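As structure tokens, the structure follows; a few thoughts come after it.
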Amino acid sequence: MADLVLNKVARPNRECDPDYSKDFNVVGKSGVRRIDGYEKASGTAVYSLDFTFPGTLYARMLSCPHANASIKSMDTSKAEAYTGVRDVLRYDNPDPAVAAIIPSQGYFEGKMMGVIIVADTDEIAQEALRLVEIEWDVLPFTMYPPEDQERIQSTNKGDIQQGFAEADQIIEFTYSRKEDAGHVEPNNTNVSWKDDHYEYAQVGQWNNLQAAQWFTPNSNAIKPGGVSQARGYQHPVYQGGSFGLGITLTQQLFKITAVLSQRTKRPVKLLCSLQQSYYSFVSSDCGEEYFKVGFKNDGTITAVQNDPTFHVMPYYYGLLHLVENTNISNLQCNSPSNRFPGANRPDTGPYRCEQRPPVTGLNLVTNHVAAALGMDPTEVALKNDGYGGEGQEYMKQFRLDHGFPDRDSLQECVAAAKEAIDFDNVWHAAGEKTLPDGRKHGIGFAWDHEWNDAIWSGTGAVTMLLDGTAQIIGNHIDVGLNGASTYCQVAAEELGLKFEDVYFKQNAEGNNIQLKGPSSSTNACVNGWIVKKACKNIRAQMLETATQGVIVDYYGGELPTGEPGAAIPTPDPLFPDLQPEDLDIKDSVIFEKSNPENKHTVLELLGQTYLASTRWTQTPFFSFELYNNGQNLDMPHRHRLCRQAHFCEVAVDTETGEIEVLKVVNVNDVGKALSPESVAGQQYGGSIMGISRGKHEEEVYDPPTGVRLNGNLLDYKVSTVRDCGPIDTIAVETALGYGPYGACGLGECNSDEMSPILGPAVQNAISVWIDDFPITPDKVLKALGKI
Amino acid sequence: MKAFDLVKAKSIDEAVSALGSDGTMAIAGGTDLINTLQERVLAEYPKKLVSLKSIPDLDYIREEGGMLKIGALTRLEDIAESELVKEKYACLAEAASRTASPHIRESGTIGGNICQINRCWYFRKTDNRFDCIRKGGGMCYAMMGDNRYHSIFGGVKACIAVNPSDTAPALVALNATIITTKREIAAEDFWDVAIPGSTVLDNDEIVTEIQIPEFSGKSSFIKMALRKSIDFPVVNCATAIADGQARICLNAVYNKPYRATAAEEVVNGNTIDEALAESAGAAAVSGNSAFPANGTNPGSKWKVQIAKTLVKRTILNCK
Amino acid sequence: MTEEKKKSGGVSRREFLKDAGLLVGGTAIGSTVLLAACSDGETVTEKVTTTITGAGEATTKTITTTEQVGEVTKTETITQSKFVCPIDGMEFDTLEELKAHFEATHGGEAPAAALNVISLTVNGGKYEVQVKPHWTLQYLLHDEMGCVEIKTMCTGLGQCGSCSVIMDGRPILSCMTLAATCDGAVIETSVGIAQSNHPLIESYIKYHCMQCGYCTPGFLVTAKALLDKNPNPTKEEIELAIEGNLCRCSTYPAHVPAVLEAAEVLKGGA
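Residue numbers (my numbering), protein chains in the order written: chain A, 84 to 870; chain B, 21 to 339; chain C, 11 to 280.
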């Protein structure tokens, strides 16, 4: 079987952004007042759930109460007679377009199916739904896939048997995890169908932008003739905690709500229950992964075999991060070949993020080897750091060949992390340190590459306005990363404007002008490029105009400066004797570099040009940019250069099994921190989410019925402020990223790396490996032989 | 939420009278009941709620007649922050301060906390999903399912749901008396009831006051939960020791607060030290019938270990 | 269902307000819905519009007040909705009219409780609201009064802190509180805190206490309640105060310095 990871089409190499070494005025500065800050702090920010079209009807859909069941018969007469009910849609509707969106079988508990009630109020819709009488055909179900699934070698690199033969030692272990997302904003969708166009606002709506495949004629069941994307008007509401989620599901909810709005000729808000929301925002699947690792006594890993078994989805990339992050030559991943057909669990989707399995694998492999050898795990990491089987010499040459600074990212991150945690004083062999209160002390290490997120594509534009300010035009669905402020920092940097003279707000109509990617994951690295390039163009346009007094049309030559019969003067150049390269712009002032007193404001230039050219309507300075760098996952020849290193100190109570996080250190080489506060926020935010998952986040199902027992925020344990310890965040800036100014992605890193870190930390404390996440007290007590 | 009628009682008499009719439930802070109604947990949805919050003069903490008196409508946060309670009845202040979350403590009352419905994720599953024995059905789903948070001392009429109150064990340890509109009940007996009840109260009976006798010893409360806030206890324990006599009460281990008399006997009359506390802990859980792990169900044996440890540690805190 | 039934079902109050175009983006801005707002400020002009919607089943009255403040003209549209008689279902524009009707038709003075009318102070504004017994304070504030800052993560189960408000000085969960029991309550939300220019707003922005921002108002309200009670909180006291607020983005570490700084500003420092 072909190597699914390495045989992808090669993408062009990308060089380092030479601007990484410039003197920055706005980018990278702290204290920029974030653009969404006031709305979010005051609560005036409007989210999809707060958004209601005038005249809205409310819809609720039935949840399947069984792990697997279909409807034998259904009586909706009482619901139809309930005052205030406006429409009842059943799975057996004669219109195939309607029936297609309402399944008659639920293949997991909580599956939305069967019947939809549309009513004047949400309360009426909910009450009427409870009046529907259903006779169920309860079917057999399966929660866990069989062990003898058909497998394929989704990664097969080198010679795995040869690798094991070369090893001094071989270890085997299996880890498992069971966490889901823990949703934020309950799922809801607003659609107002206007016949020739439609408006909508939805949680997770960015997925509609990202994955437009449902607009294609073949998959579109909404309306004969198809739904035109051009006719969609998206209300750019804020998004409650979308850390990646079920793309298919938000599309389905959109389709359903659109049909309801079409039928009732009214706007409709479809609301999901807590359980429906929980099952919508699911994680990248629960599962187990078997590992067999061969290594030499000096810590060099010679072979890794990985057999992942996930409960719903096949996962081909179990060794992705060992490919992209190490010099290990012999790797083999034997993945199930297909989705396990019988899993009666919610569909899965990446939830911060799809690369967690290979990140967990990389870290548990590193730490298991270190523990087996009694080595400092950072030494094992450093020894095996590399790319695609290649080591440090190759990496060094790659950096030099592509214009990157010659810096060893992992060395720098490990050194910074060790200093911050006081490694030499806190590190000890497993089980050797007891705290004064009797608890066992442990320290865990995690590492990985940073996210090479200058991938995907996006478009956007920047325009100068009459008052000398600049506006970024695009559609970027906010998911909390403060992208808008960062883009304005980039624009202000490139244009030479004050930060407050640049602004960006969501653009509702911009179905194609999208500062996107998946806007969360690739954020600054895709969209920052777009803004940067557009602003470079505009800056050149402005300086040329300032020195030559003509309006340059960058798409077709010189613009006319007068009208027939009217005496419109050509503007006098503001700097008649200079060339564009003699000028600079800073703090919204254009000045002569060698004589800063020779200066004019950007506003003066704008006033002059618009008077001369466009007669009170608009300025000529505008630039549209496209950025496209292919698709996700591995990109050969574009190696990940930035690294991260983390420590987590814990105290383990051997009588109760409780783990307390004493201290966390997160060191991320972000290439260039465009917004230091945002970088820190992603570090501690991801870190807490990760530790919370490793510590107490667990889906629990009732074994006999397959019904979820803890689908709420009490029984599913999302960390509070007091559960994950104090965190030091350190940003290393090597400019080794492919983003603007050498930046790289960060949003998904710490949540992935910190999810498994309690494994090595607890092992260091009690000398026993617990690879079954989350590491709850019962597992610690069991590992200690107390139960 | 589904509609119901609401009586905002202006007096105890009005409340009791209103509670006399069928399908009526009392509501104070509301933090347990509203959740229950929103989730449609109960087989029978109430027709009418009687709000007790509007009854005057039931919100107080005072020393009187050689005892501490706490009005039933006193908010948990006020108990947690009361200097008087913190100083003399430390385990109660600590229990109140560890209940649920700060917001819940600002609304939730001590009366409501001790009257809350027993907890089990099958019983509580949305839309009355499991017709369990506590609801009049034929079986306990937790026995056959995932019972990691359930009773370690067996069932009451085959129901293994637990009493999850944090303040209840403190009240038992402090030998409190619960004053109702009908009677005075020793705290220990207050929850001594078979399913479907969680307390011995009649429907038209409400708690008006909690009385705690003068206490001059030391007391301690420890709660173990997976998170430091919001959660109900996995196990909690209150111990009060005065004049060499101990009262030790665990909760979330049985359908009512579980007074560990065997542990008390170990302590009574003896000097407290590590070994004594250890054996008291062991005594507290002797005879337990915790569920073993089974497949994906980790069982409840871990709770035994925690209960034993909390008994030991609360005793040592009273040294 | 039949067309006939739709008619007999009537048009809800909320619905006809929307049909009248009075509810726009966000939720019911006409919060105003069901409310007789106690207006203050000098009214210069007042325009009254009566809107008839549907098949003539319901009416509402829109009052547009225009206030001249210096050069600025402020226009506010208030929708007065109906006060419903609990005995015969007749609707009235004002509480006074309803009371008069009750006295004349049903004999005796109508107790406010019987009319399910409560008085509320929300962010300094006084409201008289007719509520249903099962409405939570969260529903009243968010869905009826248009307070979009009242969030819900756990869907009304008391598990997340997103719907927190300060009621009579206490930070409480509006989802765990029946609106009908809030008669006379003084309520403050994050919008009110912003209106009062409380330093927490700027310190929350400065320290990036928000990422997706969904839970942020609940945190802010909780922090304000803490500072009201304790002007000199320690790091640990701040953490204890916000321990019931869940943030999936995990902004937790940002809140402590933000609250400490706001405390300094309040004391006149920083």
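All C-beta atoms, glycine included, are put in the ideal place defined by N, C-alpha and C. Values in this document were obtained by computation on a predicted structure and should not be read as measured data.
Cβ-based contacts, 9 Å cut-off: residues of the region 105-134 of chain A near chain C
The region 105-134 of chain A vs chain C, Cβ under 9 Å: G114, R116, R117, D119, G120, Y121, E122, K123, A124, S125, G126, T127, A128, V129, Y130, L132, D133, F134.
Is it the case that the region 230-242 of chain C contacts the region 577-592 of chain A, given that we only count it when at least three CB pairs across the two stretches are under 8 Å?
The region 577-592 of chain A makes no contact with the region 230-242 of chain C; the number of CB pairs closer than 8 Å stays below 3.
Cβ of A:T630 within 8 Å of Cβ of A:L666?
Taking the first sequence and counting its residues from 1, the one referred to as residue 630 of chain A is at position 547. Taking the first sequence and counting its residues from 1, the one referred to as residue 666 of chain A is at position 583. Inclusion of A:T630 and A:L666 in the CB contact set at 8 Å is warranted, their separation being smaller than that value.
Taking only beta-carbon atoms, is C:V281 less than 8 Å away from chain A?
Any question about residue 281 of chain C goes unanswered here, given that chain C covers just 11 to 280.
What is the DSSP secondary structure of A:L357, counted as helix, strand or coil?
Working through the first sequence from its first residue, we reach residue 357 of chain A at position 274. Annotated three-state conformation of A:L357 is helix, per DSSP.
Using a threshold of 8 Å, state whether the C-beta atoms of A:Q911 and A:I555 are closer than that.
Limits of chain A in this structure are 84 at one end and 870 at the other, which puts residue 911 of chain A out of reach.
Determine the extent of the beta strand (DSSP E) in which A:V442 is found, giving its start and end residues.
Here residue 442 of chain A refers to the residue found at position 359 of the first sequence. In the DSSP assignment, A:V442 falls outside any beta strand (DSSP E) and within the unbroken alpha helix (DSSP H) covering 439-456.
Can you pull the chain B residues whose beta carbon is under 7 Å from the beta carbon of A:K800, in chain order?
As a first step, residue 800 of chain A is located in the first sequence; it is residue number 717 there, counting from the start. Under the 7 Å cutoff, chain B gives L246, R247.
Alpha carbons only, please: which of B:E34, B:G50, B:L112 is nearest the one belonging to B:F241?
Your numbering for residue 241 of chain B matches position 221 in the second sequence. The shortest C-alpha separation from B:F241 is found at B:L112.
Measure the alpha-carbon distance for A:E210 versus B:I268 and round it to whole angstroms.
For this step, residue 210 of chain A is matched to residue 127 along the first sequence. For this step, residue 268 of chain B is matched to residue 248 along the second sequence. Looking at the backbone, the Cα of A:E210 and that of B:I268 are separated by about 47 Å.
Contact list for B:M164 against chain A, beta-carbon separation under 9 Å
Numbered from 1 along the second sequence, position 144 holds the residue referred to as residue 164 of chain B. The contacting residues are D785, P786, P787.
Would you report the Cα separation of A:D520 and B:E294, rounded to the nearest angstrom?
Here residue 520 of chain A is taken as the residue at index 437 of the first sequence, counted from 1. Here residue 294 of chain B is taken as the residue at index 274 of the second sequence, counted from 1. If you draw a straight line from the Cα of A:D520 to the Cα of B:E294, it is about 14 Å long.
Determine whether the Cβ of C:P181 lies closer than 8 Å to any Cβ atom of chain B.
Counted from its first residue, the third sequence places residue 181 of chain C at position 171. Chain B contact via Cβ: present.
Residues of chain C with a CB under 7 Å from the CB of A:N795: which are they?
As a position in the first sequence, residue 795 of chain A is number 712, starting the count at 1. Under the 7 Å cutoff, chain C gives C164, L167, Q169.
Apply the 10 Å Cβ neighbour rule to A:Q244 and answer buried if 16 or more other Cβ atoms are within range, or exposed otherwise.
As a position in the first sequence, residue 244 of chain A is number 161, starting the count at 1. Result: exposed.
Please work out which residues of its chain come closer than 6 Å, Cβ to Cβ, to A:T909, disregarding the five sequence neighbours upstream and downstream, and give them in chain order.
Nothing can be reported for residue 909 of chain A, as the shown portion of chain A is limited to 84 through 870.
Inter-stretch contact at 8 Å, needing at least 3 Cβ pairs: the region 397-407 of chain A / the region 435-442 of chain A
Touching, yes.
Pull the bridge partners of A:C731 from the DSSP assignment, please.
Here the question's residue 731 of chain A lines up with position 648 in the first sequence. Beta-bridge pairing links A:C731 to A:G527, A:V747.
Provide the residue span of the alpha helix (DSSP H) that contains A:P501, from first to last.
Translated into the one-based positions of the first sequence, residue 501 of chain A becomes position 418. Sequence check: residue 501 of chain A is Lys here, not Pro. Going by DSSP, A:K501 is part of the alpha helix (DSSP H) stretching over 492-504.
Measuring CA to CA, which of A:P228, A:L548, A:L796 is closest to A:P703?
As a position in the first sequence, residue 703 of chain A is number 620, starting the count at 1. The alpha carbon of A:P703 has as its nearest neighbour, out of A:P228, A:L548, A:L796, the alpha carbon of A:L548.
Should the region 189-203 of chain B be regarded as contacting the region 301-312 of chain B, the criterion being three or more beta carbon pairs within less than 8 Å?
Per the Cβ contact rule, the region 189-203 of chain B is not in contact with the region 301-312 of chain B (fewer than 3 Cβ pairs under 8 Å).
Quick check for students: name the residue ranges of the alpha helix (DSSP H) that lie wholly in the region 133-188 of chain B, counting only runs of 4 or more.
161-164, all fully within the region 133-188 of chain B.
Nonlocal neighbours in the same chain, by C-beta distance under 7 Å from A:F582, ignoring five residues either side:
By 1-based counting over the first sequence, the position of residue 582 of chain A is 499. Contacts found: V109, V115, C571, Q572, A575.
Listed by chain order, chain C residues near B:D212 by CB distance under 7 Å
To locate residue 212 of chain B, count along the second sequence from 1; it is residue 192. Close to B:D212, with beta-carbon spacing below 7 Å, lies no residue of chain C; the smallest spacing is near 28 Å.
DSSP state of B:C269, grouped into three classes?
Residue numbering aside, residue 269 of chain B sits at position 249 when the second sequence is read from its first letter. Residue state for B:C269 is assigned as strand, using DSSP reduced to three classes.
Looking only at its chain, what residues have a beta carbon closer than 7 Å to the beta carbon of A:I621, apart from the 5 residues adjacent to it on each side?
Counted from its first residue, the first sequence places residue 621 of chain A at position 538. In its chain, beyond the 5 residues on either side, V545, M547, L578, F704, S706 have a beta carbon closer than 7 Å to the beta carbon of A:I621.
How many whole angstroms separate the CB atoms of A:C725 and A:G820, which I take to be in contact at a CB cut-off of 8 Å?
Here the question's residue 725 of chain A lines up with position 642 in the first sequence. Here the question's residue 820 of chain A lines up with position 737 in the first sequence. The pair is a contact, with the Cβ atoms about 5 Å apart (cut-off 8 Å).
Exposure of B:I130, with buried meaning 16 or more beta-carbon neighbours within 10 Å:
Sequence index remark: in the second sequence, residue 130 of chain B carries index 110 (1-based). The residue is buried, with at least 16 neighbouring Cβ atoms inside 10 Å.
When you compare the CB of C:T261 with every CB in chain A, is at least one pair closer than 8 Å?
Locating residue 261 of chain C in the third sequence gives position 251, counting from the first residue. Yes, its Cβ sits closer than 8 Å to a Cβ of chain A.
Enumerate, from N- to C-terminal direction, the unbroken alpha helix (DSSP H) stretches of 4 or more residues contained entirely within the region 161-231 of chain A.
Listed in chain order, the complete alpha helix (DSSP H) runs (minimum 4 residues) inside the region 161-231 of chain A are 179-182, 205-213.
Do A:R522 and A:V735 count as a contact pair if the criterion is CB distance below 8 Å?
Mapped onto the first sequence, residue 735 of chain A falls at position 652. Mapped onto the first sequence, residue 522 of chain A falls at position 439. Against a cut-off of 8 Å, the Cβ pair of A:R522 and A:V735 comes out as a contact.
Where the beta strand (DSSP E) containing A:Q76 begins and where it ends
Not covered by the structure: residue 76 of chain A. The range shown for chain A is 84 to 870.
Using the Cα positions of B:A266 and B:L296, report the straight-line distance between them to the nearest angstrom.
In the second sequence, counting from the first residue as 1, residue 266 of chain B sits at position 246. In the second sequence, counting from the first residue as 1, residue 296 of chain B sits at position 276. When only Cα atoms are considered, B:A266 and B:L296 end up about 13 Å apart.
Residues of chain B with a CB under 8 Å from the CB of C:A251: which are they?
As a working note, residue 251 of chain C is residue 241 in the third sequence. Within chain B, P122 have C-beta atoms less than 8 Å from the C-beta of C:A251, given in sequence order.
Applying the criterion that 16 or more other CB atoms from any shown protein chain within 10 Å of the CB defines a buried residue, is B:R279 buried or exposed?
What you label residue 279 of chain B is simply residue 259 of the second sequence in a count that begins at 1. By the neighbour-count criterion, in which a residue is buried when 16 or more other Cβ atoms sit within 10 angstroms of its Cβ, B:R279 is buried.
Excluding the 5 residues preceding and the 5 following B:G43 in the sequence, name in chain order all residues of the same chain whose CB lies nearer than 6 Å to its CB.
Reading the second sequence from its first residue, position 23 is the one you call residue 43 of chain B. Annotation for B:G43: P66, K67 place their beta carbon closer than 6 Å to its own, counting only its chain and skipping 5 residues before and after.
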